[in-house]
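Be aware that the sequence shown starts at 8, since it is given in the working numbering, and climbs by one per residue.
Worksheet for the structure shown next.
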Amino acid sequence: MPQKIKLTECPRDAMQGIHDFIPTEIKAAYINLLLQVGFDTIDFGSFVSAKAIPQMQDTAEVLKKLDLSNTKSKLLAIIANYRGAEEAAIHEEITYLGYPFSISETFQLRNANTTILQSFDTVQRINELSSSKNKQLLVYLSMGFGNPYGDEWNIDIIQYWTEKLVNEGIKIIALSDTVGVATAEQVSDIYPKLTNSFPSTEFGLHLHATPNNWHSKIEAAYKSDCTRFDSALKGYGGCPMAADELTGNIATENLVNYLQSQNEPLELNFDKLREALEYSSTVFL
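Structure (structure tokens):
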């Protein structure tokens, strides 16, 4: 049975909030291990302001140190504006540009100093650039399950912006639970509606959760035909804005265990996965 689930490992999300700078060599060594595991995609870095996210200022240098000679994994870089997309697009090694598009006006203004409409214009421009540079734009719907600002949120808003993105030619859209407020019921409601309305679009999930409440949400997404899942080894990283300080990324090892329990075929090198888990302690002291 062919593998239908695509796993994205997110060392970038795991690392970016760490205050002490992780040496470039250690970042590269860790990502090189992850490249041998068999993940579909590695979210390896970002081309954003060094002032905004100092930890990611060496993304281009890390990229030079990656060994892509014997991996099936594709590289994804996060970008926050057109200038970042231009920087990322010059690198042939990168397959995906990931753009966070907030459906919360307040978060869009705070995170990127633009309105949602301005951000959508940026999506259009970046998508044109991506096509011309043989990249694929992946759009994250930030605050995809609600927000802490009182901005209106409902499934109609998700449907509205998804339709506009699909009409622009975006083929991969991931809902991002930026502050860890998603419920299994929301997930079960949203994904069938999206997959039925937009059958040619790949839908993913970038979930933030506590160690005790991830399972029901992942199961809801899996049972609702979500095909792309983001995670990070040991659940490192996540969202500093979440109300619960235990809220972080989904632990890859938990996600893998769940998928195995569902007899999902996973083409992973489990020896390399264990090696990467061990090495992660060197990265995240």
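For every residue, glycine included, the Cβ atom is placed at its ideal position computed from N, Cα and C.
In chain order, what residues of the same chain lie with their CB nearer than 7 Å to the CB of GLN62, ignoring the 5 residues before and after it?
Shown here for GLN62: same chain residues with a beta carbon closer than 7 Å to its own, the five before and five after excluded, namely MET22, GLN23, ILE25, PHE28 and ILE29 in chain order.
Between the Cα of LEU42 and those of SER56, ALA59, THR66 and SER76, spot the shortest distance and give me the residue it belongs to.
SER76
Can you pull the DSSP bridge partners for PHE54?
Residue pairing from DSSP places PHE54 in a beta bridge opposite ILE86.
Please determine if the segment 133-147 and the segment 196-203 are in contact, where contact requires at least 3 C-beta pairs separated by less than 8 Å.
no
Taking a contact to mean a Cβ-Cβ separation below 8 Å, would you say ASN154 touches SER111 in this structure?
yes
Status (buried if at least 16 other CB within 10 Å, exposed otherwise) for ARG19:
buried
Residues in its own chain within less than 8 Å of TYR37 by CB, not counting five upstream and five downstream?
PRO18, ALA283, TYR286, SER287, THR289 and VAL290
Quick check on DSSP: helix, strand or coil for PRO107?
The DSSP-derived three-state label of PRO107 is strand.
Comparing alpha-carbon positions, which option in THR190, THR113 and LEU145 lies nearest HIS222?
Sorting THR190, THR113 and LEU145 by C-alpha distance to the C-alpha of HIS222 places THR190 at the top.
Nearest to GLU175 (by Cα), restricted to the options ASP163, THR208, SER195 and VAL194
THR208
What does PHE210 pair with, by DSSP beta-bridge criteria?
ILE180
Might you give, ordered along the chain, the residues of its own chain that have their beta carbon closer than 7 Å to the beta carbon of LYS279, omitting 5 neighbours on each side?
LEU40, GLN43 and VAL44
Rounded distance between the beta-carbons of THR122 and TYR156, thought under 8 Å
With 8 Å as the limit, TYR156 and THR122 do not qualify as a contact, their Cβ atoms being about 14 Å apart.
Take LEU82 and list the residues in its own chain whose beta-carbon comes closer than 8 Å to its own, dropping the five residues that flank it on each side.
THR48, ILE49, PHE51, LEU70, LEU73, LEU75, GLU100, ILE101, THR102 and TYR103
My assumption, with CB atoms under 8 Å, is that GLY242 sits in contact with PRO218. Please give the rounded CB distance.
7 Å
Spatial distance of GLN267 from GLN125 (CA atoms)
42 Å
Per the DSSP calculation, LEU144 is bridged to which residue(s)?
LEU104
Taking only the alpha-carbon atoms, compute the straight-line gap between ILE257 and GLU16 and give it to the nearest angstrom.
10 Å
Report the rounded CA-to-CA distance for HIS215 versus GLU170, giving the unit in angstroms.
25 Å
Which of helix, strand or coil DSSP assigns to SER80
coil
Within 8 Å, strictly: CB atoms of SER109 and SER80:
no
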